[in-house]
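Here the structure comes first, spelled out in structure tokens, and everything after it is commentary.
Residue numbers (UniProt numbering): 1 to 262.
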């Protein structure tokens with residue numbers, strides 16, 4: 001039976017960030033994920049997790065200057081020292097929060113920039129991150145992101161992400177399979193899930209094309225969720241979508257899964 005994590009960066013925006021944990025637990029979620037924890041002390045977030053009985057499923061390593069438009073630095077030449085410091089910071093948070101999956105964003109690349117050099121830096125940085133995380137029992141994940149939402153993102157395809165993980169060769173480096181991004185770039189999700197499941201470390205869902213609840217749009221999520229379950233995936237499925245209206249009011253799609261586990 002699928003297990004779901006509320007993405008607190010997109011969901012429950014009706015509440016202040018630290019109040020979203022209790023709201024998610026009240027609606028039946030057992031886990032949460034979000035983009036970045038770094039605006040708050042780790043102990044404060046841990047207190048909210050514990051008070052609500054929630055598991056921290058995933059968060060992202062520092063992405064560079066997010067407010068300035070950066071979307072990760074793992075593939076950016078000349079930023080290697082900053083990247084390594086960011087991994088240290090992320091692992092410090094992960095220890096406190098009990099988090100076991102860390103998403104590392106590749107970053108943006110201009111059309112005139114040398115892709116081969118970016119790839120070389122990316123592989124080196126991922127090898128470092130995976131080695132550092134391995135000592136903590138943490139899996140590092142990389143995510144292909146569609147260029148409609150994030151123009152110029154370095155990593156866009158599932159096969160390329162799997163190839164990069166294979167080339168790095170770390171057992172704790174896997175792919176974050178976001179159904180929303182994959183549908184926009186490639187489609188054929190069921191075939192890719194069957195092909196790549198052994199190398200998938202985290203899964204996320206959202207409706208396509210508007211990125212609302214997974215009960216609208218062009219993807220048949222009841223079928224996909226049943227397939228994911230049948231393939232033996234036992235991690236959390238991150239609900240990384242923007243609610244059409246109130247978050248709680250839009251959770252009708254979730255209730256059958258919650259009822260099935262009770």
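Using N, Cα and C, we set each Cβ at its ideal position, and we do this for glycine too.
Beta-carbon proximity list for residue i, same chain, < 7 Å, skipping 5 on both sides
i           : result
residue 147 : 153, 156
residue 161 : 142, 144, 155, 175
residue 82  : 73
residue 100 : 137, 138, 139
residue 45  : 37, 97
residue 71  : 63, 105, 107, 108, 150, 153
Cα-Cα separation, residue i to residue j
i           : j           : result
residue 6   : residue 33  : 6 Å
residue 43  : residue 95  : 10 Å
residue 73  : residue 63  : 6 Å
residue 47  : residue 19  : 11 Å
residue 247 : residue 135 : 37 Å
residue 232 : residue 200 : 11 Å
residue 66  : residue 103 : 15 Å
residue 166 : residue 39  : 34 Å
residue 236 : residue 113 : 36 Å
residue 89  : residue 198 : 29 Å
residue 239 : residue 97  : 19 Å
residue 130 : residue 111 : 28 Å
residue 61  : residue 196 : 24 Å
residue 194 : residue 50  : 35 Å
Contacting residues, own chain, Cβ-Cβ under 6 Å from residue i (five flanking each side not counted)
i           : result
residue 117 : 77
residue 15  : 23
residue 177 : 200, 203
residue 208 : 180, 183, 217, 218, 219
Neighbourhood of residue i by C-beta distance below 8 Å, restricted to the same chain and skipping five residues each side
i           : result
residue 212 : 206, 241, 242, 243, 244, 250
residue 266 : The question about residue 266 has no answer, for the chain in this structure spans 1 to 262.
residue 80  : 121, 124, 125
residue 1   : 229, 257, 260, 261
residue 253 : 213, 214, 215, 221
residue 186 : 157, 158, 192
Residues bridged to residue i (per DSSP)
i           : result
residue 106 : 72
residue 139 : 101
residue 3   : 236
residue 59  : 102
residue 217 : 208
Collapsed DSSP secondary structure at residue i in the structure displayed
i           : result
residue 33  : strand
residue 266 : This structure cannot speak to residue 266, because the chain is shown only from 1 to 262.
residue 113 : coil
residue 247 : coil
residue 28  : coil
residue 257 : helix
residue 48  : helix
residue 40  : coil
residue 222 : helix
residue 67  : coil
residue 119 : helix
residue 231 : coil
residue 269 : With the chain covering 1 to 262 only, the question about residue 269 has no answer from this structure.
residue 54  : coil
residue 241 : coil
residue 252 : helix
residue 79  : coil
residue 91  : helix
_Runs of alpha helix (DSSP H) wholly within the stretch 141-212 (minimum 4 residues, chain order)_ = 158-168, 179-185, 189-196
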